[in-house]
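Contents: one structure, followed by commentary.
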Amino acid sequence: MNDTLANTEKKTAYILTLPAVLLVFAIILFPIFANVWISFKEVELKDIRIPEPRAKKIVKSISEETSKIKILYKLRNSSLIQEIRDVSFQDNFPKNFEIVNLDPRCDYKNYNLKCEFGNWPAKYRENFQVIFETNDGSKIDKKKLKSIKPKLDGKSDNILLNTNFTLKNFKKVLFDNEFIDLLLTTFYYTFFGTVGSIIFGILTAQMVNQKFYGRTFMRSVLLFPYVAPVVALAYTWELLLDPNSGTLNSLLINYQIIETPINLLGQKYIEISVLGFDFKLRLALTTVIMFEIWRYFPLAFLFILARLQAIPKELYEAADVDGASPFQKFFKITLPQITAVISILFMIRFIWNFNKFEDVFLLTGGASGTRTLPINVYQQGFAISDIGMGSAVSIVIVVLLLMFMFFYFKLLGKRVDEN
Amino acid sequence: MKIKNTILFSLIATFFLIFLVSIWKVLATLQGLTIKTFNIEIIFIIGFLISLFHLIFNDKIKPIYKSIIFSSLFVIFDGYLIQKLPVWYNVGTFLIIYFFVSKINKYNFTNLKEEHSTQVILFDFLTLFGILFFSFVILFPFYMMLVTSFKTQIALLVNPLDFSINFAQGLKELFNSYFVIFKSYNFGKYIITSTIVSVGTVIITLLFAIPAAYAVARLNFFGKTFLSTSILIIYMFPAIVLVIPLYTIFSQLGLRNSIEGLLIVYTATTLPVAIYMLQGYFKSIPKELEEAAILDRLSWFGIITKIIIPLSIPAISSVALYVFMIAWNEFLFSLMFLDNPNSFTLSRAIQYLSGDAETPRQYLMAGSVIVTLPVLFIFVYFEKYLVSGLTAGSVKG
């Protein structure tokens, strides 16, 4: 009795979860595996269309013979790399048409021309010509002839399904693709974006955790950048920072802080001298990181504020009795209480920043030294149309992510053990 | 000690004042005033003197008179003697100094002698500074977006610093950019597409997520722990690594440029969060209710529709709003899958608009306002639900 009850429960559970599991599997897990497959192939954007036999029909009249007509079919294989097997061809003609010269591959019956062209290799082209004659000598309507479209059919392999594999993509990704530079840019972007948003999150959470007039309003305002659509925000920033008529540059020039406008999103390096040391700052990258921090510190703020509000008041009261200063209270009570949240946040934000595509894409498109790995996936896959390369870069991202997760959990485990 | 604290207090207060006045000057510049310098030296000297005199005269003058005297002095110096500026600017300055003096009012020589007094002062002023600074930094781009959409091309080029809204030109002129993008750029259609996609995603996600979350929360089955941990791991997986395989598969299946394709992808990517948020809530519903229902011979369908859903309306609405916002804001997939203007969503349409360098920026900003407003409205109106949903995971850890 009990056993069957447990069985029904199991069955119900599978029925309830199955739709969600199947959908997630098809759209999220399967593509990740598909990436591995594609990354070992030489595939370009144009190849993912399944190759088809095509024919362009051209009708030509023959001079001085009005009852005769020449029809030229420009036949071709739409794919540049794949063959099509067993191509068959069919075209219909008006009821008074007789064929003059019949190609050995073809058959003309019931005003229907049927041909078997066999196999077409990649890039195959042929000009196939037939001449017709009307049996009653009437005039030929060329337009009507043209409007009848030939039907072609053939078998072909889907390039994604064949088993030709190559290591070329990975070789290119790791050795020809300025890989180190790409990694470094991604790392700077991810690391400083994460750390910055957490620092701002701590500051704002600490701020809103105190009582002041308009605190609830402040809390919603602080979340605005996080909830608003990235497209709108990115273009607003672009206008704000525009070197020609952007507000920021105009303001700075107006107050005579700078003399010529700075192209914050389009300049790769800027020379800065601090205490006699000259160094180059990656300007566009810094701007993009600023945007990143601006947009994502609200999440850190929200998490940290929730944690701050859960810290028992007694801790602070006891500290007051002991005569602790505000800074001591912050460093000795608040900070240790929020380290757990901060480490979780660090992981979440690090992973998400590592994969962030939209923000950089909309602001700079990956130009002026802001090309990160996700941008590279897009550039390889869609700008250069090399799907295989794009997939290979995706795989690099996944591997790095898994490595990062692994180390992070190991470190976290160690710390828990020590405590 | 007393002198050191007095000087420190005055310095901190002065820096705060400089910040306040500078922000006000920036705002005034953006309303079309010509202010070429901040006059930081003068504000510094006046601010320092105000803080110092405040401490010295602390009890001798009534606070309200003191505030008025200090503010008037500042306005006379800064607004009339040095830069001749209009009345509204000076009224603003007056109010700012009034606010400032009332803020420093609670400090006097007695509490400056207390332990850690400078740190307390620093903390207080940093908080105030932070509130103003972050409000400015966050709200300014939104303000700019709105004002730019009300401008004309010429006005924008003539004076990029003028951020005032000219109401005198009449409503029709004011909303001109909005009329144009609806008429010539088809934004009505994009709004409809975006709405269909977002609402559709919410409905399908809930249809899939509620049963699954119920099973994870309540039923015992093989693979349950695996499922609930993999939900979170899958949530961590980035959209950018899915894009290429999905693009190729969708191309071959003819799902690109279709609303169905977007719906499938959006549902799949929001499902893990939805299940995670819902199952946490379902676990908090008392089990006894369901046990009674089982005695009444209700099927699982009956349990979910008659007990679980009515009891978790707040959680379900929070998930629904969250999913709506994700789908509405989504950009990456709509960029990859849509290249026919007939099937664009709002985000994709704005990006397409910006791709043409000829597009005037006020149209771009009008589009941005249209895509931003619904989200901000939903967020402000339902903030409570959304925030509890957003932090669901954090309070535990």
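Chains A and B, in that order, give the protein sequences. The opening position of the first sequence corresponds to residue 1 in the working numbering, with each subsequent residue numbered one higher. The opening position of the second sequence corresponds to residue 420 in the working numbering, with each subsequent residue numbered one higher. Every residue, glycine too, gets a C-beta built ideally from N, C-alpha and C.
query                                                                                                                                        : result
Where Lys410 of chain A falls, given that 16 or more other Cβ within 10 Å makes a residue buried                                             : exposed
Whole-Å CB distance - Val208 of chain A paired with Arg215 of chain A, under 8 Å assumed                                                     : 6 Å
Neighbouring residues, chain A, relative to Ala687 of chain B (Cβ below 8 Å)                                                                 : Leu23, Val24, Ala26, Ile27, Ile28
The stretch 724-742 of chain B touching the stretch 792-806 of chain B, judged by at least three CB pairs closer than 8 Å                    : yes
Close-in-space but distant-in-sequence residues of the same chain around Phe357 of chain A (CB under 7 Å, 5 per side omitted)                : Pro374, Ile375, Tyr378
Straight-line gap, Val398 of chain A to Val87 of chain A (C-alpha atoms, nearest Å)                                                          : 42 Å
Cβ neighbours of Phe489 of chain B in the same chain (closer than 7 Å, five flanking residues each side left out)                            : Ile469, Ile516, Val520
Local Cβ density within 10 Å of Val100 of chain A, reported as buried at 16 or more and exposed below that                                   : exposed
Rounded separation between Glu534 of chain B and Phe350 of chain A - CA only                                                                 : 41 Å
Rounded C-alpha distance that separates Met405 of chain A from Phe656 of chain B                                                             : 11 Å
Arg675 of chain B: first and last residue of the uninterrupted alpha helix (DSSP H) it sits in                                               : Arg675 of chain B -> no alpha helix (DSSP H), and no H or E assigned at all.
Contacting positions in the stretch 549-569 of chain B - beta carbon closer than 9 Å to chain A                                              : Gly549, Ile550, Phe553, Ser554, Val556, Ile557, Leu558, Phe559, Pro560, Phe561, Met563, Met564, Thr567
Neighbour-count burial assignment, Ala6 of chain A, 16 or more Cβ in a 10 Å radius                                                           : exposed
Outcome for Ala234 of chain A when other beta-carbon atoms lying within 10 angstroms are tallied against a minimum of 16                     : buried
Members of the stretch 737-761 of chain B near chain A, C-beta cut-off 9 Å                                                                   : Met744, Trp747, Asn748, Glu749, Phe750, Leu751, Leu754, Met755
Spatial distance of Ser813 of chain B from Thr644 of chain B (CA atoms)                                                                      : For Ser813 of chain B, the predicted model reports a pLDDT of 35, less than 50, meaning its position is unreliable; a value from the coordinates is still stated below. Each residue's alpha carbon lies about 20 Å from the other.
Reduced DSSP secondary structure (H/G/I, E/B, other) of Lys431 of chain B                                                                    : The sequence as given places Ile at residue 431 of chain B; Lys does not occur at that position. The answer is helix: DSSP assigns Ile431 of chain B an H, G or I state.
Cβ neighbours of Leu547 of chain B in the same chain (closer than 8 Å, five flanking residues each side left out)                            : Phe435, Lys522
Beta bridge counterpart(s) of Phe89 of chain A as assigned by DSSP                                                                           : A:Cys115, A:Leu152
Secondary structure of Ile311 of chain A, DSSP reduced to three states                                                                       : coil
Beta-bridge partners of Pro630 of chain B, as assigned by DSSP                                                                               : Pro630 of chain B pairs with nothing; no bridge assigned.
Test: Glu456 of chain A CB closer than 8 Å to a CB of chain B                                                                                : No answer is possible for residue 456 of chain A: the residues shown for chain A start at 1 and end at 419.
Neighbour flag for Arg817 of chain B against chain A, beta carbons, 8 Å                                                                      : Absent from the structure is residue 817 of chain B, since the part of chain B shown begins at 420 and ends at 816.
Host beta strand (DSSP E) of Thr194 of chain A (start-end)                                                                                   : Per DSSP, Thr194 of chain A belongs to no beta strand (DSSP E); it is in the alpha helix (DSSP H), 179-208.
Among B:Val790, B:Phe544, B:Asp497, nearest to Val460 of chain B - alpha-carbon criterion                                                    : For the record, residue 460 of chain B in the displayed sequence is Glu; it is not Val. Of B:Val790, B:Phe544, B:Asp497, the residue nearest in Cα terms is B:Asp497.
Rounded C-alpha distance that separates Val599 of chain B from Leu308 of chain A                                                             : 48 Å
Inter-stretch contact at 8 Å, needing at least 3 Cβ pairs: the stretch 232-247 of chain A / the stretch 359-366 of chain A                   : yes
Enclosing alpha helix (DSSP H) for Leu740 of chain B [first to last residue]                                                                 : 732-748
Chain-ordered neighbours of Leu631 of chain B on chain A, where CB pairs are closer than 8 Å                                                 : This sequence places Ala at residue 631 of chain B; Leu is not what is there. Neighbours of Ala631 of chain B on chain A, chain order: Leu16, Thr17, Pro19, Ala20, Val21.
Contacts around Phe165 of chain A, its chain only, beta-carbon distance under 8 Å, and the 5 residues preceding and following it disregarded : Phe40, Lys41
Bounding residues of the alpha helix (DSSP H) (the contiguous stretch that carries Gln337 of chain A)                                        : 335-354
8 Å Cβ cutoff, Val790 of chain B in contact with chain A                                                                                     : yes
Assigned secondary structure, Glu592 of chain B (DSSP; H/G/I helix, E/B strand, else coil)                                                   : helix
CB contact below 8 Å: Gly816 of chain B versus chain A                                                                                       : Residue placement at Gly816 of chain B cannot be trusted, given a pLDDT of 27 that sits under 50; what the coordinates show is reported in the next sentence. Yes, Gly816 of chain B lies at the interface with chain A (some Cβ there is under 8 Å from its Cβ).
Listed by chain order, chain A residues near Leu702 of chain B by CB distance under 7 Å                                                      : Here residue 702 of chain B turns out to be Lys, not Leu, going by the sequence shown. Simply none; closest approach about 15 Å.
Minimum Cβ-Cβ distance from Ala34 of chain A to chain B less than 8 Å                                                                        : yes
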